[in-house]
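Student:
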Ligand SMILES: [Cu+2]
């Protein structure tokens, strides 16, 4: 696909998240959500919790099936995080395990919506922000999610869970993991980022050139991260980018202090809604395997940076079955 990929995003501060991009309901059948007795009920978009309706249907903004839920409760679910072993050693595999509970009834949540191909997205980022993993835990028989990781060096890590519980709104929940052998000071050792002076990076066979619109980004204004991708050897524009999580790329933007997150995908490949509420557009006819699609050379993400400061965008592209993660660092300035 050679058309320029526009993006959709999202970005808010920690407590208030929307996933970026157009999330898509995959038609899974999920049982009705758990509601507290006497709770008010309407049909709510699981992604855009401000969209509610009295009748079942579809969110006009992202095409997600509306869920029966309490429209007034944008709730933080309770997340229990444990590691096995309890103390994680550098260079040795450890299992991260997560259990999710309803914020009012306390019941364990077993049903989650599929958003961008997965029910549970997890990010593991080191304190200096040099180490970044985007992985997908598997659900166990008891409903918990787990995954094995091997951490590369002593220190603390932010472990960021991203999921939509059935009946709830999008959750983006951060936890901290400190490895064995770390004797530093969490505050003193946090990342000190410096904005890039060079806007081109190469990883594997891929060279990415990033431009910002506006340049620099302004806090509170929507901006675009415009990636132009070329082949590292030939310098030719890349037109064989593969889909990754139902899009031609994925970006997570973190603030220097890792307190703000912006999560963005370019638009989905399969099902696109017109911004003005017009008819649904299909970039891909129903029934066609998204794996057959190819993208590039331009991929755009858009996002709203919550405040001034230094931010790092971890952007992932897939080509020749290899996933490449670029790290670009930039400043966001205060609006006038
Ligand atoms: Cu993911």
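Numbering (my numbering), first residue to last: -1 to 334.
Positions of the beta carbon are idealized from the N, C-alpha and C atoms, including for glycine.
In this structure, does DSSP put residue 22 in helix, strand or coil?
Tutor: Legend: pLDDT at residue 22 = 31, less than 50; position of this residue unreliable, no value from coordinates given.
Student: Is the beta carbon of residue 333 less than 7 Å from the beta carbon of residue 301?
Tutor: no
Student: Pull every residue with its beta-carbon under 6 Å away from any heavy atom of ligand 1, and keep them in chain order.
Tutor: 116, 119, 132, 134 and 243
Student: I'd like to check one pair, residue 317 with residue 204: are the Cβ atoms closer than 7 Å?
Tutor: yes
Student: Work out the CA separation of residue 106 and residue 315 for me, nearest whole Å.
Tutor: 35 Å
Student: Whole-angstrom Cβ separation of residue 120 and residue 145, contact assumed at under 8 Å?
Tutor: 7 Å
Student: Got a sec, what are the start and stop residues for the beta strand (DSSP E) residue 80 sits in?
Tutor: Segment 76 to 82, the beta strand (DSSP E) holding residue 80.
Student: What residues are listed by DSSP as bridge partners for residue 245?
Tutor: 242
Student: Would you call residue 157 buried or exposed, if buried means 16 or more other Cβ atoms sit within 10 Å of its Cβ?
Tutor: buried
Student: According to DSSP, simplified to helix, strand and coil, what is residue 148?
Tutor: coil
Student: Are there three or more Cβ pairs, one per stretch, closer than 8 Å when the stretch 230 to 241 is compared with the stretch 128 to 147?
Tutor: Touching, no.
Student: When we look at the beta-carbon of residue 111 and count the other beta-carbons within 10 Å, is it buried (16 or more) or exposed?
Tutor: Burial of residue 111 is indicated by the presence of at least 16 other C-beta atoms within 10 angstroms of its C-beta.
Student: Are there three or more Cβ pairs, one per stretch, closer than 8 Å when the stretch 174 to 183 is compared with the stretch 126 to 134?
Tutor: Here the stretch 174 to 183 makes no contact with the stretch 126 to 134; the two share fewer than three CB pairs at distances below 8 Å.
Student: Does DSSP put residue 105 in a helix, a strand or coil?
Tutor: Judged by DSSP in its simplified three-state form, residue 105 adopts coil rather than helix or strand.
Student: Quick check on DSSP: helix, strand or coil for residue 192?
Tutor: coil
Student: Helix, strand or coil: how does DSSP classify residue 290 here?
Tutor: helix
Student: Using a Cβ-Cβ cutoff of less than 8 Å, which residues in the same chain neighbour residue 87 once the five nearest sequence positions on both sides are dropped?
Tutor: These residues qualify, in order along the chain: 177, 178 and 179.
Student: Taking the alpha carbon of residue 305 as the reference point, which residue from 293, 329, 324 and 325 has its own alpha carbon closest?
Tutor: 329
Student: Can you give the Cα-Cα distance for residue 244 and residue 212, rounded to whole angstroms?
Tutor: 27 Å
Student: Please classify residue 279 as buried or exposed, where buried requires at least 16 other C-beta atoms within 10 Å of its C-beta.
Tutor: Low confidence applies here, because residue 279 scores a pLDDT of 49, under 50, leaving its location unreliable and the question unanswered by this model.
Student: Roughly how many angstroms lie between the CA atoms of residue 162 and residue 117, to the nearest whole one?
Tutor: Approximately 7 Å, taken between the alpha carbons.
Student: Going by alpha carbons, who is nearest to residue 196 out of 188, 207 and 202?
Tutor: 207
Student: Helix, strand or coil for residue 155 per DSSP?
Tutor: strand
Student: Here's a check: name, in chain order, each residue in its chain whose Cβ is nearer than 7 Å to the Cβ of residue 51, leaving out the five neighbours to either side.
Tutor: 40, 41 and 64
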